[in-house]
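Residues in the sequence shown are numbered consecutively from 1, following the numbering used here.
Built from N, CA and C at the ideal position, the CB exists for glycine as well.
These figures come from a predicted structure and were not determined experimentally.
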Amino acid sequence: MKTVYQMRVQLPDKLRSALERAASSAGKTPEAWASEVLERQLSVRDERLRGRFGSVDLGRPTGADNDEIEADLARAYDGGEEG
């Protein structure tokens, strides 16, 4: 069973009227319509954020693969040694 959280929101008359019109057009109560819109918007936001996971390039190796790490170390030591 879903947990339901009730909250009280104060809206200016203009916004309240717009909410009531939108809800009426959808055949819903203002509370149900607002709840559905909020849930949908948060879901879209979360999906956009998840789509960014792994897309940042730090400019340096960050892999956990031992072969990659050893190759990176070998390159660093080979290029950093003075003869």
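According to the Cβ coordinates, are residue i and residue j closer than 8 Å?
i	j	result
Leu19	Pro30	yes
Kindly indicate the opening and closing residues of the alpha helix (DSSP H) around residue i.
i	result
Pro86	Residue 86 cannot be examined here, being either before or after the span of the chain that is shown, 1 to 83.
Ala22	Asp13 to Ala26
Take the Cβ of residue i as the centre, count every other Cβ of all protein chains shown within 10 Å, and call the residue buried at 16 or more, exposed below.
i	result
Glu82	Because the pLDDT of Glu82 is 49, which lies under 50, any placement of that residue in the model is unreliable, and the number read from its coordinates should be weighed accordingly. When all chains shown are included, Glu82 counts as exposed.
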